[in-house]
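2 protein chains.
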Amino acid sequence: MKLPVSTEWVLHCAATLAQLESGATASTAQLAQYFDLPAPYLAKQLKALVKAGLLAAATGPRGGFRIARPISEITLLQIVEAVDGTSPPYECREIRQQGRGALAPEDCRQTCVLAQRMADAHEAWRGSLAGVTLADILASLPPTAPARTRRRLAGIT
Amino acid sequence: MKLPVSTEWVLHCAATLAQLESGATASTAQLAQYFDLPAPYLAKQLKALVKAGLLAAATGPRGGFRIARPISEITLLQIVEAVDGTSPPYECREIRQQGRGALAPEDCRQTCVLAQRMADAHEAWRGSLAGVTLADILASLPPTAPARTRRRLAGIT
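Protein sequence lines, in the order shown, are assigned to chains A and B. Just so we're on the same page, the working numbering is the position in the first sequence counted from 1, plus 54. Just so we're on the same page, the working numbering is the position in the second sequence counted from 1, plus 54.
Shown next, in the form of structure tokens:
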């Protein structure tokens with residue numbers, strides 16, 4: 055059970071964009087150099103965040119990405135699911151209904167209890183990530199972090 | 055983020071073995087036919103459960119697998135981690151320490167807060183599965199289930 059490597063990228067890029075002044079943007083090239091990441095693949099991930107409504111993309115000479123909503127309304131779950139999708143890790147293929155031990159369809163009207171418990175665990179994971187916003191993350195950084203982030207990003211042309 | 059298909063297999067096989075009379079066993083061939091699963095690959099998964107101390111393997115003409123400890127002490131987490139391993143889905147590769155925005159090593163003595171929150175979510179998932187035992191699963195089955203399971207398994211030679 056693995057999340058894509060790009061999960062770390064988008065979490066850090068979103069936290070970085072959340073530190074910019076209101077309306078300011080950063081380009082894919084800037085973010086790629088900031089974290090030494092492959093720009094073409096990073097661009098694809100950032101587009102996924104735009105599609106999910108978490109980032110806004112501005113075109114033109116001063117184009118780039120910015121956070122699209124209040125950072126207190128963007129959760130880690132939204133960021134992670136924007137790039138990895140929402141399908142749960144456990145797939146129930148109803149093996150209880152196949153083979154020599156197959157249960158009758160009328161005995162399978164309810165979700166298999168094993169699938170239910172696996173779904174409960176996934177909801178616990180989702181609930182944990184839904185309870186953390188970008189605002190929470192920023193609040194845990196040193197007070198000097200945003201100024202440093204802006205300065206370093208601005209130095210990348 | 056996906057669990058292997060065999061996760062469903064081992065959960066159901068463990069729940070099936072938990073319904074046998076004390077000391078009774080079922081072979082790989084019986085379990086494979088019971089759920090219509092590929093026996094060689096199922097055998098590999100059952101061996102992983104033995105290695106994890108959840109099942110015991112008996113050799114000889116009446117050989118097969120049986121539950122190795124009280125079913126109130128076998129959790130879904132143990133079964134899932136026996137076949138999928140214990141490594142968490144999120145990998146922190148410390149991108150905060152690379153690129154033009156790299157933080158100094160002395161600023162990275164603590165775990166990255168994003169990695170911490172991802173680890174919290176994984177622990178929530180683990181905690182949920184650790185809270186469900188095979189005894190809980192059996193308690194949720196119809197009272198007629200164990201007798202039916204034994205009868206069906208015994209019919210497979």
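By construction, the Cβ of each residue, glycine as well, lies at the ideal position given by its N, Cα and C atoms.
A direct Cα-to-Cα measurement between M172/B and Q164/B gives close to 15 angstroms. In this chain, the alpha helix (DSSP H) harbouring I133/B covers L130 to D138. Taking 8 angstroms as the cut-off, the beta carbon of W179/B is found closer than this to the beta carbon of A175/A. For the stretch 105-119 of chain B, no residue has a beta-carbon sitting nearer than 7 angstroms to a beta-carbon of chain A.
T187/A has its alpha-carbon roughly 22 angstroms from the corresponding atom of L207/A.
Residue contact check for V186/B against chain A: a CB pair falls below 8 angstroms. Secondary structure within the stretch 83-159 of chain A: the alpha helix (DSSP H) runs of 4 or more consecutive residues, fully enclosed, are 93-105 and 130-138 (chain order). The three-state secondary structure of A80/A, taken from DSSP, is strand.
T198/B sits in coil when the DSSP states are folded into three classes, being neither helix nor strand.
The contact set of R204/B on chain A, defined by CB atoms closer than 7 angstroms, is empty, because the minimum CB distance reaches about 11 angstroms. For A97/B, the closest alpha carbon among the candidates P115/B, L74/B and S60/B is that of S60/B. With a cutoff of 8 angstroms on beta-carbon distance, Q87/B and V64/B are scored as not near each other. Secondary structure at T187/A: strand, using DSSP grouped into helix, strand and coil. With respect to the 8 angstroms criterion, R120/B and A110/B are classified as neighbours on the basis of their beta carbons. Secondary structure at E75/A: coil, using DSSP grouped into helix, strand and coil. Apart from the 5 residues on each side of it in sequence, C166/B sits with its Cβ closer than 8 angstroms to the Cβ of C146, E148 and R150 in its chain, given in chain order.
DSSP places C162/B in the helix class (H, G or I) of the three-state scheme.
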